[in-house]
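Chains as they are written, first to last, in this note's numbering: chain S, 84 to 578; chain H, 189 to 645. For glycine and all other residues, C-beta sits at the position ideal for the given N, C-alpha and C.
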């Protein structure tokens, strides 16, 4: 029941929001709805974690052997929690932004959340595809209707990229469907699909491209910086905080366990792409003068690291990915909040035009520096746990012969991350006070609250992340085993 | 059989109605009621109540497939009447005659969908085509309409000639008009038979506007009065498709491997030309003409696959496509400016119409939760199931992504661009019919079994 509620609450409240014409009311309505979702999610995590609450299955398309099957497993728990935590934070932090036709805005936001919940919960390939697309449609409208001047072409590019990717995925899913033992879209049947080496190879690419566009992995990333820049900030937070995780999630649930042979044999290629993307994005981020684009490129680098860890195929790395998905989502929302504040106050995002903000807005400076340090994975912060686990995983990976190279090159990107993040802090908060920020004000209470929550999470997960890792342990082991215990691959993965 | 005879009778009644009834609303009401009667008797026949028992000597076969298709065609036509019948008045002075012609076309549709004989097929195709030539040219004072009509007539007659030649060749080879008798004899198909089949393939491809036989489509669809384009591009086209797949399933199913590659090439060409050319259009009406070619390409996948999924899928596709396209055309008729810019800012002025149009467009583009997605899904599923020519599936998917470009241009214009479209006058019943249509599309998108169950039970 919990699983169904997680989808239904945002879906129904979102549909209702279309009819609340008063901006203040609809804003509160959206916040209430997102809090309710959060409560449901925490209930599922902490109180009602009996299997009967977490799974739901009913007949849907009988002729196609597809059912409405949703379930909260460890992987789903983490991402649903992220989704449920992100939205209240986003709504509170953008409380002061006003939107034309606010009811449409908030309704579409909630529908996006419902779509993403569905993606994380679906245990049926067709249902998964449905939600995968459903999350995209409201996002398309949100980004094209509210946002920067270039929003229409930019969002359209984003839409076409992801739509093309997902259509290819649909063909791949269909092909697998015909090779399942009982012609069913159920995930357990998918895991049993009988596919030859050659079939797995091209199926791998059909599915991988869809996920790679979403994450995004080099060279499918070109939509991302533009979209992040042009989208309304609340939507940028959703895109970078939660939606990109759909790609990583897709790898974990629908790619590795379904196509173990090709995931192993193409792992090196994908990892090389990921590493290339990380270095490329980091170098661009170093030279970047625009705050939003800087954060966007740093996000590409971080996601690249997750992809690398996924294809290292061991439990430690997987655990790192799971916790890092959550951490990255939280941290980047914090970064966007600061960026949004700066842009709204001073009308500029150029690093060269900012400076000395710490004197004018000490509160913002403290929070921002903590989150930025978490972004470069300083010990005691949440990202340190995730990245440390991921690096351990990559370094000890048995799935590749180039693990040392990957570790070194990815490690290089951590240094790059320090360069551009510290540079960012220096240019925005320290140095001489620039003319643009002469009459800066410090952050408001709502923003303080959100940033405070984020910083609390940063420290909590940085110091005591064991409960979190406990939740994802089984999922990580299962995904890893699906490859390492595959009969054809067993001799490579020595126990 | 019920609907076949009644549709001819109602057509004649409509002709007299034009003489006897002075009020146009009375004519319209009779036509709408007539259509409802057709729908009801057809559904009754699906449940085994047949009013007329005529021995057709096996020339026609009213099976589940044809009856269900006819029901959806009548239903679509009913919605079409409700939405657009008023706009036919503006075309010319012969209101009742237009409606009569439409009933004759429906009569032809029933013939082709149930045909089991090449003669009946030919008869049906002609009964569909000739009224269409007239309707295309019904806007007599418009030069474009005249041009379209003449073009359609010349090219259409030519393709009919090809078809007749093909039928003659097949008759020569087999000594029978029955489609199921074509391959009764053992042995390899002779040259006559293959030549006949190719001629039939080409002429049918012409009728469904498949590339490279599509050249008439944009001009005819663009030139014809928009109300009639709507009918032509949806119900008629779907019916010819049903005839197409029936013919090739019954007559040439046995040698499918030999012609499959040809259909695959025609499909790929149709998808390519339809989608790529649609991208460059400036007028929504012309874009819809090319989009109908592109959608035909997707429907051709069912001919390519020719399995149980394909037949089910085609029924679903024909319905989904007809519903969405009828909706868009109904809105387009109300617009005074047919260019994309004409739609700028429509969402502000007519939020309900813009929202429903968006759903129609999303359905045509094949976005999940709409009937368009599930029908495209069936087509892809059928094509994947054949296990051959997998490149075609990938190509179709790529082209579906291209189609997003031109469908979304309309959405972008309506929602994201500023503009003041001319005030459009619509009744509230028009709006609510659109909403019902959009609701139906979403319902079918979530529960396609609502339609497909009828195929089996």
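Asked: Residue 278 of chain S and residue 286 of chain S: beta carbons closer than 8 Å?; Found: yes
Asked: Answer with buried or exposed for residue 190 of chain H, where buried requires no fewer than 16 other C-beta atoms within 10 angstroms of its C-beta.; Found: buried
Asked: Would you report the Cα separation of residue 378 of chain S and residue 415 of chain S, rounded to the nearest angstrom?; Found: 8 Å
Asked: Would residue 490 of chain H count as contacting chain S if we go by Cβ distances under 8 Å?; Found: no
Asked: On a Cα-Cα basis, can you pick out the residue from H/362, H/533, H/632 that is closest to residue 611 of chain H?; Found: H/533
Asked: On the DSSP letters alone, give me the boundaries of the alpha helix (DSSP H) that residue 423 of chain S sits inside.; Found: 398-429
Asked: Tell me residue 522 of chain H's beta-bridge partners as DSSP assigns them.; Found: Answer is none; residue 522 of chain H lacks a bridge partner.
Asked: In chain H, what lies closer than 8 Å to residue 212 of chain S by C-beta?; Found: 556
Asked: Can you tell which of S/347, S/401, S/531, S/512 has the C-alpha that lies nearest to the C-alpha of residue 374 of chain S?; Found: S/512
Asked: From residue 545 of chain H to residue 129 of chain S, what distance separates their C-alpha atoms?; Found: 45 Å
Asked: What does the Cβ neighbour count give for residue 302 of chain S, buried or exposed, with the cut at 16 atoms within 10 Å?; Found: exposed
Asked: Report yes or no: is there a C-beta of chain H within less than 8 Å of the C-beta of residue 200 of chain S?; Found: no
Asked: Which class does residue 237 of chain S belong to by DSSP, given the choice of helix, strand or coil?; Found: helix
Asked: Evaluate residue 427 of chain S with the Cβ neighbour count: other Cβ atoms within 10 Å of its Cβ, from every protein chain shown; 16 or more gives buried, anything less gives exposed.; Found: exposed
Asked: Determine the DSSP secondary structure at residue 303 of chain H, reduced to helix, strand or coil.; Found: strand
Asked: Using the C-alpha atoms, what's the distance from residue 397 of chain S back to residue 162 of chain S?; Found: 20 Å
Asked: Closest to residue 295 of chain S by C-alpha separation, out of S/494, S/329, S/138, would be which residue?; Found: S/329
Asked: May I have the straight-line CA-CA distance separating residue 452 of chain S from residue 417 of chain S, to the nearest angstrom?; Found: 10 Å
Asked: By DSSP's criteria, residue 133 of chain S is part of a beta bridge. Which residues make up the other side?; Found: DSSP, once it has assigned bridges, lists no residue as partnering residue 133 of chain S.
Asked: Could you work out which residues of chain S lie near residue 600 of chain H, taking near to mean beta carbons separated by less than 8 Å?; Found: 227, 235, 239
Asked: So, helix, strand or coil for residue 475 of chain H, using DSSP?; Found: helix
Asked: Am I right that residue 135 of chain S and residue 206 of chain S are in contact with their C-beta atoms under 8 Å? What's the rounded C-beta distance?; Found: At roughly 15 Å, the Cβ-Cβ gap does not stay under 8 Å, so residue 135 of chain S and residue 206 of chain S are not in contact.
Asked: Classify residue 221 of chain H: buried if its beta carbon has 16 or more other beta carbons within 10 angstroms, exposed otherwise.; Found: exposed
Asked: From residue 246 of chain S to residue 274 of chain H, what does the alpha carbon distance come to, in whole angstroms?; Found: 39 Å
Asked: Looking at the structure shown, is residue 298 of chain S part of a helix, part of a strand, or coil, going by DSSP?; Found: coil
Asked: What residues from chain H crowd round residue 292 of chain S, counting only those whose CB sits closer than 9 Å?; Found: Neighbours of residue 292 of chain S on chain H: none; closest Cβ ~11 Å, over 9 Å.
Asked: Note the first and the last residue of the continuous alpha helix (DSSP H) segment covering residue 139 of chain S.; Found: Segment 138-144 is the beta strand (DSSP E) holding residue 139 of chain S; no alpha helix (DSSP H) there.
Asked: So for residue 151 of chain S, helix, strand or coil by DSSP?; Found: strand
Asked: Under 8 Å, with one C-beta from each stretch per pair, do the region 440-458 of chain S and the region 523-534 of chain S reach the 3-pair mark?; Found: yes
Asked: Checking the sheet assignment: what are the DSSP bridge partners for residue 205 of chain S?; Found: S/153
Asked: According to a CB-to-CB cut-off of less than 7 Å, which residues of the region 135-150 of chain S neighbour chain H?; Found: 144, 145, 146
Asked: Check distances from the C-beta atoms of the region 440-453 of chain H to those of chain S and list, in chain order, the residues that come in under 9 Å.; Found: none
Asked: Could you tell me which chain H residues have their CB closer than 7 Å to the CB of residue 220 of chain S, listed as they occur along the chain?; Found: 555
Asked: Given that residue 312 of chain S touches chain H, what residues does it touch there, using C-beta distances under 9 Å?; Found: By Cβ distance, chain H contributes nothing, its closest Cβ being about 17 Å from residue 312 of chain S, past 9 Å.
Asked: With distance defined between alpha-carbon atoms, name the residue in H/508, H/573, H/394 nearest to residue 263 of chain H.; Found: H/508
Asked: Closer than 8 Å, Cβ to any Cβ of chain S: which residues of the region 628-639 of chain H, in chain order?; Found: 635, 636, 637
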